[in-house]
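Heads up: the sequence shown begins at 834 in this note's numbering, then just goes up one per residue.
Single-structure report; data block below.
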Amino acid sequence: MGVGMKKPDEILAEARGALEQAQDAQAVEDVRIRYLGKKGELTALLRSMGEIAPEERKAFGQAVNTAKDALETLLQERKEAFASAGRSAQLAAERIDVTEPSRTVPAGARHMITQTIDEIAGIFMSMGYSVTEGPEVETVFFNFDALNAAPDHPSRDMSDTFYISDDILLRTQTSPVQVRTLLAQAPPVKVISPGRCFRTDTPDATHSPMFHQVEGLLVDEGVTMGDLKGTLDAFAKRMFGADVKTKFRPHFFPFTEPSAEVDVSCFLCGGEDPSCRVCHGSGWIEILGCGMVHPNVLKVADIDTERYTGFAFGVGVERTAMLKHGIDDIRLFYENDVRFIGQFY
Ligand code: DAH
834 MGVGMKKPDE ILAEARGALE QAQDAQAVED VRIRYLGKKG ELTALLRSMG EIAPEERKAF
894 GQAVNTAKDA LETLLQERKE AFASAGRSAQ LAAERIDVTE PSRTVPAGAR HMITQTIDEI
954 AGIFMSMGYS VTEGPEVETV FFNFDALNAA PDHPSRDMSD TFYISDDILL RTQTSPVQVR
1014 TLLAQAPPVK VISPGRCFRT DTPDATHSPM FHQVEGLLVD EGVTMGDLKG TLDAFAKRMF
1074 GADVKTKFRP HFFPFTEPSA EVDVSCFLCG GEDPSCRVCH GSGWIEILGC GMVHPNVLKV
1134 ADIDTERYTG FAFGVGVERT AMLKHGIDDI RLFYENDVRF IGQFY
């Protein structure tokens, strides 16, 4: 053994000390290279075997190998310790707290107008009506002429109706669907038709240039005003409560004769409260227009008016929703403020 050469167990003690100081996996690797690498200190001792006296060689070789095995074991332990500490740190960093309250994802819901149309349609569908739709851009023929509107009827005015051209307009009512249906289908006819309507109204609490109606039409043999009254009374009770009464007030519509407006008894105060926000103390609320289909309308579709009669009605969707839910401004429906919409989920 050369002079000044360290003994295997000294080297091992030194390496152990260096390993204890190691702060990370790289420092462990540095220790390995320093002692067991190609130019490492223990490797150098093994290479120097030739210089050892033959009688000492065996004991020396064993001592070096023992130190080498011990160091390898230590290196392995330290390496694993750092690897598992790394994994723990990673797991801690990526830990998911399953008890943390989740972020709420607001769910969409049907708009109040859609809900109301669905409710009205559901009631009539349960009575055997089917649902049909008509165009929002209509002809003057379907919106006025075929509905028996007099040539000088005020609603034809430019100041009331959005005209696209002389004969094309945005429909002012869903009633043109009556005529379209009669032209497409022979009696018996039993349909409702929900949709948008347009009038040149300046928006205020009760007016909007765009609003919704649900039209109804029934044509068959032997249909009477009694059928109309029974049907709409049943509708009112389903919509506003089993206790409400209905009242048919004579009115005028060009496409029905006789025509009526239907009032329901106030479902909120029953007429008891003079300051009631729904009926204002009158006890009655107007909910729709209706009547027996005018023969002139049936004639547009060549229907035998001696054989067939019918009734029609038109319900205002916004008005119905406002009454039912105590909404006091029609504009709330279209502003899409979730604080309003969210009340009706
Ligand atoms: N179309 C009418 C309006 O907009 C409402 C209406 C009244 C519809 C009587 C009808 C009806 O079908 O028979 O004011």
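Beta carbons are placed, not taken as given, at the ideal position from N, Cα and C, and that holds for glycine.
Since we're looking at a predicted model, the values are computed, not measured.
- Contact annotation: G967 and F975 have beta-carbon atoms nearer than 9 Å.
- Excluding residues up to 5 positions away in sequence, M1058, P1083, G1124, M1125 lie with their Cβ nearer than 8 Å to the Cβ of P1091 in the same chain.
- Going by C-alpha positions, G1103 is about 15 Å away from I1120.
- Relative to L878, the option among Q856, D842, R849, V1056 whose CA is nearest is D842.
- With distances taken between CA atoms, C1099 lies nearest to I1118 out of F1086, I1118, P1107.
- Distance from the CA of V970 to the CA of R1172, rounded to the nearest whole angstrom, comes to 33 Å.
- Not one heavy atom of ligand 1 sits closer than 8 Å to the Cβ of S1041.
- DSSP places P887 outside any beta strand (DSSP E); the residue lies instead in the alpha helix (DSSP H), whose first and last residues are 887-926.
- D863 sits in a helix when the DSSP states are folded into three classes.
- Per the C-alpha coordinates, the member of A860, T1079, A896, D1037 positioned closest to G1063 is T1079.
- Nearest neighbour of D863 by Cα position, chosen from H1113, D999, K912, turns out to be K912.
- Between the beta-carbon of A1154 and that of I929 there is about 44 Å, and that puts the pair past the 8 Å contact cut.
- For P1020, the closest of A1038, M991, Y1141, R1029 by C-alpha to C-alpha distance is Y1141.
- Inclusion of F1086 in the 8 Å shell around ligand 1 follows from its C-beta lying nearer than that to a non-hydrogen atom of the ligand.
- Secondary structure note for I956: its alpha helix (DSSP H) is the uninterrupted segment 945-959.
- Shown here for M1043: same chain residues with a beta carbon closer than 8 Å to its own, the five before and five after excluded, namely R1029, C1030, F1031, Y1167 in chain order.
- Placement of the Cβ of A1134 at a distance of 8 Å or more from every heavy atom of ligand 1 is found.
- If you check the CB distance, V1097 and V1077 come in under 9 Å.
- At the C-beta level, A982 and R989 come within 9 Å of one another.
- D1034 and P934 have their C-alpha atoms some 48 Å from each other.
- Comparing C-alpha distances from D951 to each of Q1046, Q1176, S992, D1137 shows the shortest one belongs to Q1046.
- Not one heavy atom of ligand 1 sits closer than 8 Å to the Cβ of L1131.
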